[in-house]
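Q: The opening residue of the sequence shown carries number 1 in UniProt numbering; numbering runs sequentially from there. Here's a structure for you.
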Amino acid sequence: MATTAPPSSAQGEKMSLKDQGNEFFKSGKYLKAAAIYTQAIKQDPSNPTLYSNRAAALLQLDKLNKALDDAEMTIKLKPEWEKGYFRKGCILEAMKRYDEALAAFQTSLQYNPQSQEVSKKIRKINQLVKDRNRAQEVENMRSNVDMAKHLGTLKSELSGKYRSEECWKDIFSFLVETMETAVKSWHQTSSVDPRVYFLLDKEKTQTDKYAPVVNIDKAFESPHTHSSCFPFLRQYAEDSFSRAACLVAPKSIIAYPQVWKGQGSRRWRHGQNDGFFVQFESPLLRKLWFIPSSIEMGQILCRNPEVLDIGAHELLPRLFKEKRQSS
C-alpha cells in the first residue's frame, strides 16, 4: 500500500483504532502506531491481529522483548495463524536467535505453504546460520593456534636425526612456539617483524651478550644489505652456541623468493597470497614454509603452512655448519 499521512482528527473519527494504527505504521510513525494499537487492545484484548500489528511496530522500534511477548500472545490467541509465527520469527531473527527463528518460520510455512515471504526468510536464516557457524569456526582457528599438528613429518625427521630425545623435542618446541607467535601476531596486526630467533644453549650461551632474537628489518632492502646479513647471522649462531634458528619474514618485504639470486620475477603458486615465511635452520636439518593468509568473515586468518623447497626458495643461506648426525 502507498504511504499516506497520519490520519487527521476528522479522519480518526471515521476510522477504527486498528486502521489508525496501520496508517501511522505505513507512514513510519511506529511509536504512535504502537500507542494506538495499545488503545485498541484495551478495547479488544482477545484480537490477535492487534497484538501482531503492535509486535511489528515494536520490532521497528527495537523493543524486541516486548515485541516477542506480543508475537507469543498472537500465537496463543490464534495458534493456526501463520502470521503469529512469522512475527515471532522476524523478532527472533533481530535478536540473532537464528535457530529459534528458523523453527518459527518453518511453523509459519506449515500453515501457509504457498508463502513466498516465509520461504525467503527461511533461506535467509539458513544462510545466516551457515555464516554464524563459519564465523565461529574462523574465530576458533584464530584463537586456538596449533602449528604442531601441521609438523608431524618434521617431528619424525628430527627424531631420526637427533639421538637425544630431549634435544630434538626442545628444537621442535622452539620451532612450534616461534611459528605460533608469528601466526598470532599476524592475526592481530596482519604483519610480523622480520627477525631471526635463536635457540640458545642453556649451559654455554652468554645470555648477557647474546639475545635470542635478532632484528633483520634491513636485510631485504638491497642485495648489499642481504649479502652482509647472513655472514653476521652465521657468526652470531656460532658465537652464541645456538642449537637452532628460525627466520620469520613477511612476504611484503620480499618481492618473491630468492630475489637476490638472479631468479627475477620467477612465478610461484603463492604469488597472489599475502602471508609470511618461516625458515628453520639447524646443523642437521633445514626447512622452509610459507604461511598464506586471507580475509574470511571479516577476520584475518592464517592458512595451513605450505612447505617450500628450501633449495629453490631459501631466504637466507645456511646458518649452521652442516653435520651428519647429532652427538
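Backbone N, C-alpha and C fix where the C-beta goes; we use that ideal spot for every residue, glycine too. Here the structure is a predicted model, which is why all the values come from computation and not from measurement.
Using a Cβ distance threshold of 8 Å, determine whether the region 297-304 contacts the region 124-143, with at least three qualifying pairs required.
A: Contact holds: three or more Cβ-Cβ distances are below 8 Å.
Q: Would you report the Cα separation of N273 and T189, rounded to the nearest angstrom?
A: Straight-line Cα distance between these residues: approximately 16 Å.
Q: Can you grab the Cα-Cα spacing for the pair I291 / G275, in whole Å?
A: Cα-Cα distance, rounded: 5 Å.
Q: To the nearest angstrom, report how far apart K323 and D217 are at their CA atoms.
A: Between K323 and D217, the C-alpha separation is close to 29 Å.
Q: Measuring only the C-alpha atoms, how far is P231 from D170?
A: Near 26 Å, if we compare the C-alpha coordinates of D170 and P231.
Q: Quick one: measure Cβ to Cβ for K18 and L50, integer angstroms, because I've assumed they're closer than 8 Å.
A: At roughly 6 Å, the Cβ-Cβ gap stays under 8 Å, so K18 and L50 are in contact.
Q: What does A249 pair with, by DSSP beta-bridge criteria?
A: DSSP lists F277 as partners of A249.
Q: Is the CB-CB distance between G160 and K121 below 8 Å?
A: No, Cβ-Cβ distance for G160 and K121 is not below 8 Å.
Q: Out of Y98, S46 and E281, which has the shortest C-alpha to C-alpha gap to L200?
A: The residue with the shortest Cα to Cα distance from L200 is E281.
Q: So I36 is in the beta strand (DSSP E); what residue range does that whole segment cover?
A: Careful: I36 lies outside any beta strand (DSSP E), inside the alpha helix (DSSP H) at Y30 to Q43.
Q: Going by alpha carbons, who is nearest to H187 out of S240, T225, S222 and S294?
A: Nearest C-alpha to H187: S294.
Q: Going by the beta-carbon positions, is the gap between L58 and A35 smaller than 8 Å?
A: No.
Q: Do you know offhand how far K83's Cα is from T107's?
A: Rounded to the nearest angstrom, the two C-alpha atoms are 10 Å apart.
Q: Confirm, please, whether the CB-CB distance from T205 to residue 383 is below 8 Å.
A: As shown, the chain starts at 1 and ends at 327. That puts residue 383 outside it, with no answer to give.
Q: Nearest CA to the CA of L158: which residue from S252, E117, Q235 and P283?
A: Checking every option, the nearest Cα to that of L158 belongs to P283.
Q: Go ahead and label R318 buried or exposed: buried means 16 or more other beta carbons lie within 10 angstroms of its beta carbon, across all protein chains shown.
A: The residue is exposed, with fewer than 16 neighbouring Cβ atoms inside 10 Å.
Q: Going by other Cβ atoms of all chains shown within 10 Å of its Cβ, with 16 needed for buried, is P45 buried or exposed?
A: Answer is exposed; the Cβ neighbour count stays below 16.
Q: DSSP three-state label for R303, please.
A: Three-state DSSP puts R303 in coil, outside helix and strand.
Q: I'd like the span of the alpha helix (DSSP H) that includes R234, first residue to last.
A: Here the alpha helix (DSSP H) through R234 covers P223 to D239.
Q: How many angstroms separate the CA atom of S265 from the CA atom of Q127?
A: Confidence in S265 is poor, its pLDDT being 49 and thus under 50, which makes the residue's placement too unreliable to answer from.
Q: Taking buried to mean at least 16 other C-beta atoms within 10 Å of its own C-beta, is Q20 buried or exposed?
A: Buried, since its Cβ has 16 or more Cβ neighbours within 10 Å.
Q: Compute the Euclidean distance between the alpha carbons of Q114 and D70, then round it to the nearest angstrom.
A: If I take the Cα positions, the gap works out to 25 Å.
Q: For D294, which beta-bridge partners are listed by DSSP?
A: It should be pointed out that residue 294 corresponds to Ser in this sequence rather than to Asp. Looking at the DSSP assignment, S294 forms a beta bridge with L301.
Q: Which partner residues of N215 appear in the DSSP bridge assignment?
A: The partner list for N215 (beta bridge, DSSP) reads R195.
Q: If you draw a straight line from the C-alpha of V138 to the C-alpha of S185, how long is it?
A: Roughly 16 Å separates the two Cα atoms.
Q: Taking the alpha-carbon positions, what's the Q136 to G298 distance?
A: Answer to the nearest angstrom: the Cα atoms are 12 Å apart.
Q: For the alpha helix (DSSP H) containing Y85, name the first residue and the last one.
A: That run of the alpha helix (DSSP H) goes E82 to A94.
Q: Can you pull the DSSP bridge partners for R142?
A: Its beta-bridge partners do not exist; DSSP assigns none.
Q: Is the Cβ-Cβ distance between F320 and A249 less than 8 Å?
A: No, the Cβ-Cβ distance between F320 and A249 is not below 8 Å.
Q: Opposite K120 in the DSSP bridges: which residues?
A: BP columns for K120 are empty, so no partner.
Q: Give me the residue from V196, S222, S227 and H224 with the minimum Cα distance to V214.
A: It is V196 whose Cα lies nearest to the Cα of V214.
Q: DSSP on K204, reduced to helix/strand/coil?
A: K204 falls in the coil class under three-state DSSP.
Q: Cβ of P231 within 7 Å of any heavy atom in the ligand NAD?
A: The ligand content of the structure shown is nil, which means the ligand NAD is not present either.
Q: Check whether the Cβ atoms of V129 and L109 lie closer than 8 Å to each other.
A: Not in contact: V129 and L109 (Cβ atoms no closer than 8 Å).
Q: Tell me where the alpha helix (DSSP H) around I72 begins and ends.
A: Checking the displayed sequence, the identity of residue 72 turns out to be Glu instead of Ile. E72 -> alpha helix (DSSP H) spans L64 to L77.
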